[in-house]
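Residue numbers (the working numbering): 8 to 443.
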């Protein structure tokens, strides 16, 4: 049978979209997998592993390339740079690929993309790297920030920030957690026999299912090819929801009859979880800033079929007079630097900067200052982020409590990325508004 798709060429296309066009990696990968659904499971797995791994390890791969190439990566043609990156990843991290195949396929791809005159350069660099694969260089371990940055492919400024805020041991624990196996987390509100029947149906479809070690009703699933084909997904039997999101909803102490307002709600997981807890009572309104994000929320509302949930396109920074003192529970999972979820959003670490972090701190304060008035006297405001940056977390919570003394901080929790606990990094702060 004639091969209808060149797997490595597809991976190169994904890398070009991410590095040149600034497309988010999961979006670029999903686009390819959806377009080439006819590929078998092995081919799809190869494309996923090579594209995600190359992006995840890009700083380390660039460091290695620069040590073996007479032309530094910054002066290379972008296509050649990405061909070398994906080939070095195969040599160093994919035992199933012979070094000769990684080298030969890289040369072939360079020629196919119109860079025939550089075939000798590509071949020479990769052959030298392959010969030294058991002794590839890293920065001097005594230069801690530089060493950890290259070893874990995390920009030096993030490593240094974590070292300053959390110390050496915690920093390395968080960096190690970036490379743990990452199953898909789902939240299933079904209990008893219904829950067991769903799990059995998944297992019969060849899917591995187990409870998340942190509980909260979250299950970990792996071994499936396409989420839409997982039993129960199309029927709305479960939500794709991380432990951080589930814990935020559970921590809000939502009660029957409550009106829940989620001010930055896409893709809608927390709102739907809240509606499930309401059991047909009360109401949930979930908002986000753009029509595209609102449409994504509505898509999930329609799939789940849970009554009492409404999606609204509204900017959280714009004051809404009609919402004043209407919410029993306000969920404020606000835009953040995302440094707690780098294990899943692998290219986010290359896009964020210290300046952007500072801007996000101010945006979070602006949103909190706006939406606080929507909480009823005696109501709850649950502030959350998916970062480990103190200025966005504890410092913002402290600021909010001082700036608006009618809100008292009941508790706060910082969870760090952890391989053993299978958690990403996130922060929760629960505030109670004083009774009138």
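Every residue, glycine too, gets a C-beta built ideally from N, C-alpha and C. Since the structure is predicted, the reported quantities are computational estimates derived from the model, not experimental observations.
Beta-carbon proximity list for residue i, same chain, < 7 Å, skipping 5 on both sides
i, result
"residue 272", "278, 293, 294, 295, 304"
"residue 197", "205, 244"
"residue 89", "19, 22, 23, 26"
"residue 9", "Reliability fails at residue 9, whose pLDDT of 42 lies under 50, so the model's placement of it is uncertain and no value is given."
"residue 183", "426"
"residue 94", "109, 110, 113, 133"
"residue 190", "227, 228, 229"
Assigned exposure category for residue i - 16 Cβ within 10 Å defines buried
i, result
"residue 334", "buried"
"residue 49", "exposed"
"residue 124", "exposed"
"residue 395", "buried"
"residue 433", "buried"
"residue 64", "buried"
"residue 326", "exposed"
"residue 291", "buried"
"residue 349", "buried"
"residue 418", "exposed"
"residue 45", "exposed"
"residue 270", "buried"
"residue 142", "exposed"
"residue 29", "exposed"
"residue 253", "buried"
"residue 234", "exposed"
"residue 446", "Summary: the structure shown does not reach residue 446, with the chain confined to residues 8 through 443, and so no result is reported for it."
"residue 74", "exposed"
"residue 171", "exposed"
"residue 299", "exposed"
"residue 79", "exposed"
"residue 51", "buried"
"residue 265", "buried"
"residue 138", "exposed"
"residue 37", "exposed"
"residue 150", "exposed"
Sequence-distant residues of its chain with Cβ nearer than 6 Å to residue i (five each side left out)
i, result
"residue 244", "205"
"residue 429", "220"
"residue 359", "344"
"residue 166", "152, 155, 156"
"residue 15", "112, 116"
"residue 284", "261"
"residue 35", "21, 24, 25"
CB contact flag (residue i, residue j, <8 Å)
i, j, result
"residue 225", "residue 261", "no"
"residue 323", "residue 390", "no"
"residue 118", "residue 126", "yes"
"residue 337", "residue 388", "yes"
"residue 145", "residue 135", "no"
"residue 442", "residue 385", "yes"
"residue 256", "residue 280", "yes"
"residue 411", "residue 437", "no"
"residue 181", "residue 169", "yes"
"residue 347", "residue 393", "yes"
"residue 202", "residue 310", "no"
"residue 187", "residue 423", "no"
"residue 289", "residue 267", "yes"
"residue 431", "residue 249", "yes"
"residue 82", "residue 122", "no"
"residue 413", "residue 435", "no"
"residue 129", "residue 87", "yes"
CB contact below 8 Å: residue i versus chain C
i, result
"residue 53", "As a matter of chain content, chain C is missing from the structure shown, which is built from one protein chain."
Cβ shell of residue i (< 8 Å), same chain only, five flanking positions each side left out
i, result
"residue 287", "314, 315"
"residue 237", "209, 212, 214, 228, 231"
"residue 307", "246, 274, 275, 276, 279"
"residue 148", "154"
"residue 12", "43, 46, 50"
Query raised in the report: Any contact of the stretch 230-245 with the stretch 205-221, i.e. 3+ C-beta pairs under 8 Å?
Result: yes
Query raised in the report: Can you give, in chain order, each stretch of the beta strand (DSSP E) that sits fully within the stretch 62-137 and has at least 3 residues?
Result: none
Requested in this report: Flag this pair as touching only if the stretch 343-355 and the stretch 53-69 have three or more C-beta atom pairs under 8 Å; answer yes or no.
Outcome: yes
Requested in this report: Jot down the residue ranges of each uninterrupted beta strand (DSSP E) in the stretch 226-308, minimum 3 residues, whole runs only, in chain order.
Outcome: 266-269, 290-295
Query - Complete runs of the alpha helix (DSSP H) confined to the stretch 335-374 [at least 4 residues] - result: 355-358
Requested in this report: Determine contact between the stretch 364-380 and the stretch 397-417, defined as no fewer than three beta-carbon pairs at a distance below 8 Å.
Outcome: yes
Report task. Enumerate, from N- to C-terminal direction, the unbroken alpha helix (DSSP H) stretches of 4 or more residues contained entirely within the stretch 10-69. Result -> 14-26, 32-42, 48-63
Report task. Assess, as a yes-or-no matter, whether the stretch 84-103 is touched by the stretch 49-58 under the definition of 3 or more beta carbon pairs within less than 8 Å. Result -> yes
Query raised in the report: Where in the stretch 147-214 do unbroken runs of the beta strand (DSSP E), each at least 3 residues long, occur, reported from the N-terminal end onward?
Result: 191-194
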